[in-house]
Amino acid sequence: MLSTTWVILIAVVALIAGVALGFFIARQYMMKYLKDNPPINEQMLRMMMMQMGQKPSQKKINQMMAQMNKMQDKPDKKK
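Have a look at this one:
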């Protein structure tokens, strides 16, 4: 009876540790992926502005990209 309890306890602890470790590894991978491949680039931003009826100048696109990068880097500085 005692050995069965230990086996179940070890299995539950191993399962919880595996889930936690998997979560943190997946989180780190996604953060690195999004940092290397930002979801919005200049071309996409230009297309969105044109669809909204604005004529995008390069200066305005650069300002918006700088603002987006600043907001993306902000959570990293809190750590």
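For the sequence shown, the UniProt record's numbering assigns the number 1 to the initial residue and increments by one for each residue that follows. A virtual CB, placed ideally from N, CA and C, is assigned to each residue, including glycine. Note that the coordinates shown come from a computational prediction; the quantities given were computed from them, not determined experimentally.
Assuming the contact rule is C-beta atoms closer than 8 Å, residue i and residue j should be a hit. Round their C-beta distance to whole Å, please.
| i | j | result |
| --- | --- | --- |
| Met65 | Leu45 | 7 Å |
At the level of alpha carbons, what is the spacing between residue i and residue j?
| i | j | result |
| --- | --- | --- |
| Asp36 | Ala26 | 15 Å |
| Ile16 | Ser57 | 52 Å |
| Lys59 | Ile10 | 60 Å |
| Met31 | Glu42 | 21 Å |
| Val12 | Ser3 | 14 Å |
| Phe24 | Lys74 | 21 Å |
| Gln63 | Tyr29 | 29 Å |
Would residue i and residue j be called neighbours here (beta carbons separated by less than 9 Å)?
| i | j | result |
| --- | --- | --- |
| Ile61 | Met49 | yes |
| Pro38 | Asn69 | yes |
Looking at residue i and the ligand SAM, is the gap between the Cβ and the nearest heavy atom below 8 Å?
| i | result |
| --- | --- |
| Ala20 | Among the components modelled here there is no ligand, and therefore nothing to report on the ligand SAM. |
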